[in-house]
Each structure stands twice: as C-alpha cells, then as structure tokens.
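Here's the structure, in structure tokens; my notes come after.
There are 2 protein chains.
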Amino acid sequence: MTAVDAPVTAVPAISGTTRLYALLGDPITQVRAPGLLNPVLARRGTDAVLVPVHVTAADLEAVVRGLRQMANLDGLLVTVPHKAAVLALADRVTDRARLAGSANALRREPDGTWTADTFDGDGFVRGLVEAGHDPRGRRVCVVGAGGAGSAIAVALLDAGTAALRLVDTDPGRLDTLHRRLSPVYPGRVSTSARPILDDVDLAVNATPLGLRPGDPLPFPVTGLPTHTVVADIIMTPAETALLRAAYLRGLPTQPGLPMLGHQIDAYLEFFGL
Amino acid sequence: MTAVDAPVTAVPAISGTTRLYALLGDPITQVRAPGLLNPVLARRGTDAVLVPVHVTAADLEAVVRGLRQMANLDGLLVTVPHKAAVLALADRVTDRARLAGSANALRREPDGTWTADTFDGDGFVRGLVEAGHDPRGRRVCVVGAGGAGSAIAVALLDAGTAALRLVDTDPGRLDTLHRRLSPVYPGRVSTSARPILDDVDLAVNATPLGLRPGDPLPFPVTGLPTHTVVADIIMTPAETALLRAAYLRGLPTQPGLPMLGHQIDAYLEFFGL
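Chains A and B, in that order, are what the protein sequence lines are. Position in the first sequence (first residue = 1) + 17 = my numbering. Position in the second sequence (first residue = 1) + 17 = my numbering.
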C-alpha cells in the first residue's frame, strides 16, 4: 500500500506558515500529483502544499530562477516537457538522474543549493516489487528509450536486473543511452532496434503506444515465455491493448498506475516530508 | 457582512486545473489572507488557490518576473515591505495606487499585461460605511502618512471626504504626499506636523503605534468632539489602547479587523473571482 491509498480525510489549509512545492509542466491541467500528494500531507498534519505551475519551455529558466528565490519553497516536481532541461538548472544531479538524462524532482538543501533526482524509475520498480515481480536477477526488455524508458532502465539496473535489453526505433537515441549506461553497469546492457522477447522475465512498454485507441501494440505478446510479466507505464487507459493482449494469453501483467502512487511515497522521502 | 464572515465549509482541493494566486511578503508567516480567502473560494466552488510566497526585497524582481511567466497564475497580493516596489513591476498602475504610492494587488489582463491597484484604503472605507460611518462630506484627520495612511487618505477622498488633514512627524513624507494629492483633490487636503482634532468627524490612526503594549497613544482623545469616530488600522490587539481610551470617553470606535474582511471582497471583485 502506498501513502496515496490510505483514506482521504482532509485537504490542506493554507496559511502564512505553509511551505510550498511546485509541479512544473506544459500542459499542466492533466497532472495528478497535487490531487494525490496534498491529501497525504493534510492527513499527516504536514503544513505544506503542492501547486501546479504551467510553464513553457521558453520560460522555464526564468520561472525556476524565481521559484528558487522564494524562501518558503522547498522543492519542485517536474513533468513533460521539462525533465531533461531542469538538469541544467540544478546545482547537483544524482547519478541516476544523470544516467537517465532527466529529473522529475528538485529539492532545496540546507545550504541553499538545489539537488535534482528522478523517481520515474524508482516508482516503477517499487510497484513491481510490491506486486511480487522483483526484478533482481531477472532478464528484462524495455521498449522505448526516451525519458521514461531511460529512467526505468536505470532503476531496474540499480535494483539488480541481471540483463537489460533496450529497444528503440531511433538508433541515435539507443546508442546515446547505451553509451551512458554500459560503463556503469558493465556486461548487463544490450540494445536492439526491434523487440527480442523470447528470453525475458519482464517486458516493459515505455513508449507512448497505447495512449490512443488505434495505436498498434508496442510489441507482440505471442512470442513471450508463459511466465513473463508484461508491464505498461501508460496510466490512461488503465488497461491498454497491450495489457489486454497479455491478459488474454494468460501472462501476469503490471499496469501503469501503481508507479505514480509509489512515486508519491518516493517524493515524500526525498523531500523529508 | 463580508464573504469571509460566512460559515466555512471547505478548503480548496488543488488539481492540475487550479488557477494560482500568490501573496508576496517578508516576513510571511503572519499573513492572514490565505486563511481567509481560500475557504471563500472553496465555498464558491472556484478552482483557484492563494499561496504565501516569502520573498526578500533583493529578490522581489526576479520572483515577480518568474511569477508573471507562470501561465496558470492570474494575480498577486502584496504586503510589507513590497507595496511600493511592485509599482515598478506592473505594466499599468491605477490612479489611486499611483496616488497612494503603493499597490497590494496585481492582476493579469486578458492581453497578458499586468495592472497594479491598492485596496488597503478601499477595505478601510467599506468597513466604515458598513458600520454606519460613511465618510462622505465629513472632516477627517489621518495620523500617519506612510503606506497605509496614504492609501486610506486616497480612499477617503475618493469616497467624498470633504476635508482631509494629514498628520506625520516626518515633514518630508508629509510634503511628498500632499504634493501628490492636492492637485487631484484641490482644496480638500491639508497637512499638520501634529494632530489637530477639535474639528473632525473621524480620526484615524494609520501609524504602527498600538502594536506593542507600551506604545504611547498616536493622538490624545481628550480634545475630540463627542460625535467623532475613532478608527484604528491595527488588527492585533483587536482593542488597542487608543480604541480603549475612545470607548471610555464614550466615542464611537472602528477597529482594524473589518478592513481585512472587506479587502477580501475587494480582491475577489478585482480578480473577477
């Protein structure tokens, strides 16, 4: 169970003593973190609030500079399309965020500097583990080497995945990520332009395929071993065509939503809330 | 009755669609507007929230520049010590804010520019009128020609005060304000280094005297006509030594707190909420 799953009893009352957190994105109306995190803070009696901030890529630097000067603002969450750009706006970037090439959380340190970290992959792995699919020692194929796929790849490797195959149709993107990861996780990372899935324990969709009704499957489920877990990072719809196909074949599945709930827990730890 | 006086039933739930308002000050922990305004917004079903932002004078410009670039932020409230400095950060300043030399609210216009206005005096006058002390056609003495006194003086003159006497121990400050006001309200504004109160219908304390227990009275109540209303802008304590002395002499009094409740109403109108 994540902090989000506990019953909601209150939303925060804001006063002059309330500490601020801002979630940056463009667009912003679809974000779910404020609606999930604020009731958790209220339930814990934490005098803090997360507000959505709509900022374009062109204005990101000026907005972050302004936010950093707010003395009662302690942290930032970051979503599309700013996850890569914020790396340059932090004073310190964790190894995994640098490896993933993106960050989705920044916090103010006691000395006033700012540290960037990523929890996209962390939330995904926490969700897997809770569902009984610990990736330690497993063989995994991650399809999609963009921002989300990169973060998930790093988190899987940090969690002990024995062999990780990265798949992307863009050879340049695949090569860049492989060159970042292979020195840190020697002998554990391979790449492929097309999904090779007949030897994996876990197959992950980290592409946007499945968001829209007519999308093709990101990979076929027909060739998968019968024990292979099929995971999707897409949250809407909750059951994608990929998950449906895996379910119909009798394969274990892992939907996208638990990733977000577990990310909220990771944020709380990161911010010391 | 102001919007604030209605019973509180909810505080706002923040989601990705929530519009933002920020209250700027230094210090910030004492501010009361978020605690007053947010329950009003929630009760009305308005998807907007006011958050406190702690910003020093040195950082004000960078913070306001950042706030202006937030596409889902529609307005700012401003408190000590930024009320004068924000005038330079707006694209347009209302006549009364320019006359008062300070603003406490800025809003984003449909064309993306920002307008600054002041409601310190407006809230004060609304409170007076509701209490049955309409200043129209009256003779008034305002003691204290700082930010609050200036704003109150302008609002009283706009509300039809026939003769306004400004009192301050700082001749330079008094002279500056007099030179701003007298061309706009010809023949209605006079100044004095010391309180002259024997001919007034309303005497206003706009100095900080009364905030601390040992403070001397801002002016004596002994020479006041028996019908004269004594008003204080200090909110804490609710009953200042001045109001107590006036009450003991049998004079009608006007405390500071109603000014804030009425200001909330004025903010709601200004922001179109």
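Ideal placement from N, C-alpha and C gives every residue a C-beta, glycine not left out.
Query raised in the report: Taking the runs of the beta strand (DSSP E) that are 3 residues or longer, which of them lie wholly in the region 49–83 of chain B?
Result: Within the region 49–83 of chain B, the complete beta strand (DSSP E) runs of at least 3 residues are 65–71.
Query raised in the report: For aspartate 76 (chain B) and chain A, any beta-carbon pair shorter than 9 Å?
Result: Aspartate 76 (chain B) has a beta carbon lying within less than 9 Å of a beta carbon in chain A.
Query raised in the report: What is the rounded straight-line gap between the Cα of tyrosine 284 (chain B) and the Cα of leucine 290 (chain B)?
Result: Near 8 Å, if we compare the C-alpha coordinates of leucine 290 (chain B) and tyrosine 284 (chain B).
Report task. Could you confirm whether any beta carbon from chain B is found closer than 9 Å to the beta carbon of methionine 276 (chain A)? Result -> Answer no: the Cβ-Cβ gap between methionine 276 (chain A) and chain B never drops below 9 Å.
Report task. To the nearest angstrom, report how far apart leucine 6 (chain B) and methionine 276 (chain B) are at their CA atoms. Result -> It is not possible to answer for residue 6 (chain B), since the shown part of chain B is limited to 18 through 290.
Query - Interface positions of the region 122–153 of chain B facing chain A (Cβ-Cβ less than 9 Å), listed along the chain - result: So nothing in the stretch comes that close.
Query raised in the report: If valine 159 (chain B) sits next to leucine 181 (chain B), beta carbons under 8 Å apart, how far is it from one beta carbon to the other, in whole angstroms?
Result: Valine 159 (chain B) to leucine 181 (chain B), Cβ: 7 Å. Contact.
**Report entry** Through-space distance from methionine 87 (chain A) to glycine 42 (chain B), alpha-carbon basis
**Finding:** Computed Cα separation, rounded: 10 Å.
**Report entry** Sequence-distant residues of the same chain with beta carbon closer than 8 Å to threonine 130 (chain B), five excluded per side
**Finding:** Contacts found: Asp108 and Arg109.
Report task. Tell me, please, whether the CB atom of isoleucine 281 (chain B) is closer than 9 Å to any CB atom in chain A? Result -> Proximity of isoleucine 281 (chain B) to chain A, defined by a Cβ-Cβ separation below 9 Å, is not satisfied.
**Report entry** Cβ-based contacts, 9 Å cut-off: residues of the region 240–266 of chain A near chain B
**Finding:** Taking 9 Å as the Cβ-Cβ cut-off against chain B, none of the residues of the region 240–266 of chain A qualify.
Query raised in the report: Going by C-alpha distance, which of A:Arg155, A:Leu40, A:Thr132 and A:Tyr38 is nearest aspartate 218 (chain A)?
Result: The shortest C-alpha separation from aspartate 218 (chain A) is found at A:Arg155.
**Report entry** Continuous alpha helix (DSSP H) stretch holding alanine 170 (chain A): start and end
**Finding:** Segment 164–175, the alpha helix (DSSP H) holding alanine 170 (chain A).
Query raised in the report: How is arginine 205 (chain A) classed by DSSP in three states: helix, strand or coil?
Result: Annotated three-state conformation of arginine 205 (chain A) is coil, per DSSP.
Requested in this report: Kindly say whether threonine 34 (chain A), judged by its beta-carbon, lies nearer than 9 Å to any beta-carbon of chain B.
Outcome: Yes, because at least one Cβ of chain B sits closer than 9 Å to the Cβ of threonine 34 (chain A).
Report task. With a cut-off of 8 Å on the beta carbons, I'd call leucine 37 (chain A) and aspartate 91 (chain A) a contact; round off their distance for me. Result -> Right, their Cβ atoms sit about 7 Å apart.
Requested in this report: Return the bridge partner residues of valine 159 (chain A) from the DSSP annotation.
Outcome: Per DSSP, A:Leu183 and A:Val221.
**Report entry** Spatially closest choice to glycine 118 (chain A) from A:Arg125, A:Val103 and A:Pro127, by CA coordinates
**Finding:** Comparing Cα positions, the closest option is A:Val103.
Query raised in the report: What does leucine 55 (chain B) touch in chain A if you count any residue whose Cβ is under 7 Å from its own?
Result: One detail in the question is off: residue 55 (chain B) reads as asparagine in this sequence, not leucine. In chain order: Ile31.
**Report entry** Contacts that asparagine 89 (chain A) makes with chain B (C-beta to C-beta distance below 8 Å)
**Finding:** In chain order: Ile45, Pro69, Val70 and His71.
Requested in this report: Please state whether DSSP places arginine 278 (chain A) in a helix, a strand or coil.
Outcome: In the sequence under discussion, the amino acid at residue 278 (chain A) is glycine, which differs from the arginine named in the question. In the structure shown, glycine 278 (chain A) sits in a helix (DSSP, three-state: H, G or I).
Requested in this report: Tell me where the alpha helix (DSSP H) around aspartate 139 (chain A) begins and ends.
Outcome: Run containing aspartate 139 (chain A): 137–147, per the alpha helix (DSSP H) assignment.
Query raised in the report: Is it buried or exposed for alanine 75 (chain B), if we count other Cβ within 10 angstroms and need 16 for buried?
Result: Alanine 75 (chain B) should be labelled exposed.
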